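Note sheet for the following structure.
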Amino acid sequence: DQQVKQNSPSLSVQEGRISILNCDYTNSMFDYFLWYKKYPAEGPTFLISISSIKDKNEDGRFTVFLNKSAKHLSLHIVPSQPGDSAVYFCAATLQGGSEKLVFGKGTKLTVNP
Amino acid sequence: NAGVTQTPKFQVLKTGQSMTLQCAQDMNHNSMYWYRQDPGMGLRLIYYSASEGTTDKGEVPNGYNVSRLNKREFSLRLESAAPSQTSVYFCASTRDSRSYNEQFFGPGTRLTVL
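Going line by line, the protein sequences match chains A and B.
Be aware that the first sequence starts at 1, since it is given in my numbering, and climbs by one per residue.
Be aware that the second sequence starts at 114, since it is given in my numbering, and climbs by one per residue.
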């Protein structure tokens, strides 16, 4: 049973436009959510996170929105740049810390020049 | 400051062979993790070590053993490799598993079991 779902395996956008990556979760006990970015042949790198007590968190071009009632979060990248082309993983953790991150399958973002 | 390092980067094994994947971090982190990533899948937790001297099973521990050698190093051992263990293995660390800190990942080890 997949607790964190990224239903879009891939997304293609034009440079300068907005990229929106979506993530749904089923476990209402999750209370902290993270996005990781992964380039080929590299390990994932942390991008941005949000606590369940918030509904929005911004860091430069990256904004994460959390809708707890819908068990849905999204990552917005504005404006998108070719260097943003990567696989993006959504992850969630239960109360108590990050000892057990549950990852989605990832969405491959391609930003076309 | 190298962050999280993993050796080897690539490995090919025959079914039944054993090997140890090495991981080290230089960030003075308390907690370390081993994940595997299969094609089209997210990362799945194999084992983790919340602090030096402790280890616990994750989601997919069967066929693996781990050793937290010291605060810096966390190794993953395959005693008798099987084709189902063909995967990319990532080691990660975080300052403290009891608080919300992001995990830092190594570059991965690509393992093929024939």
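Every residue, glycine too, gets a C-beta built ideally from N, C-alpha and C.
None of these values were measured; they are calculated from a predicted model.
Asked                                                                                                      : Found
Buried or exposed by the 16-neighbour rule on C-beta atoms within 10 Å, applied to A/Tyr25                 : buried
Minimum C-alpha distance to B/Arg181 - residue among B/Glu215, B/Tyr202, B/Asp151, B/Cys136                : B/Cys136
Closer than 7 Å to chain B by CB, A/Lys37                                                                  : no
Of the listed residues A/Leu101, A/Ile18, A/Gly104, nearest to A/Thr63 (C-alpha basis)                     : A/Ile18
Interface residues of the segment 63 to 89 of chain A facing chain B [CB-CB below 9 Å]                     : Phe89
DSSP state of B/Ser197 mapped onto helix, strand, coil                                                     : helix
Straight-line gap, B/Phe217 to A/Thr45 (C-alpha atoms, nearest Å)                                          : 7 Å
Simplified DSSP assignment, three categories, for B/Asp169                                                 : strand
Burial state of B/Gly153, where buried means 16 or more other Cβ atoms lie within 10 Å                     : exposed
When B/Met132, B/Lys127, B/Gly116 are compared against B/Glu192, the one with the closest alpha-carbon     : B/Met132
Contact with chain B by A/Cys5, beta-carbon distance below 7 Å                                             : Per the sequence shown, residue 5 of chain A should be read as Lys rather than Cys. It does not; no Cβ of chain B falls within 7 Å.
Positions along the segment 122 to 133 of chain B whose CB lies within less than 7 Å of some CB in chain A : none
Per-residue burial, B/Glu215 [other beta carbons within 10 Å of its own, 16 or more giving buried]         : buried
Length of the line joining the Cα atoms of A/Asp59 and B/Ile159                                            : 31 Å
Neighbour-count burial assignment, B/Thr207, 16 or more Cβ in a 10 Å radius                                : buried
Residue of A/Ile53, A/Phe33, A/Gln14, A/Met29 minimising C-alpha distance to A/Cys23                       : A/Phe33
Close beta carbons around A/Gln14, own chain, < 8 Å, minus the five adjacent residues each side            : Ser80, Val111, Asn112
The segment 41 to 52 of chain A: positions lying closer than 8 Å to chain B by Cβ                          : Ala41, Glu42, Gly43, Pro44, Thr45, Phe46, Ser49, Ser51
Inter-residue Cα distance where the pair is A/Phe103 and B/Gln119                                          : 21 Å
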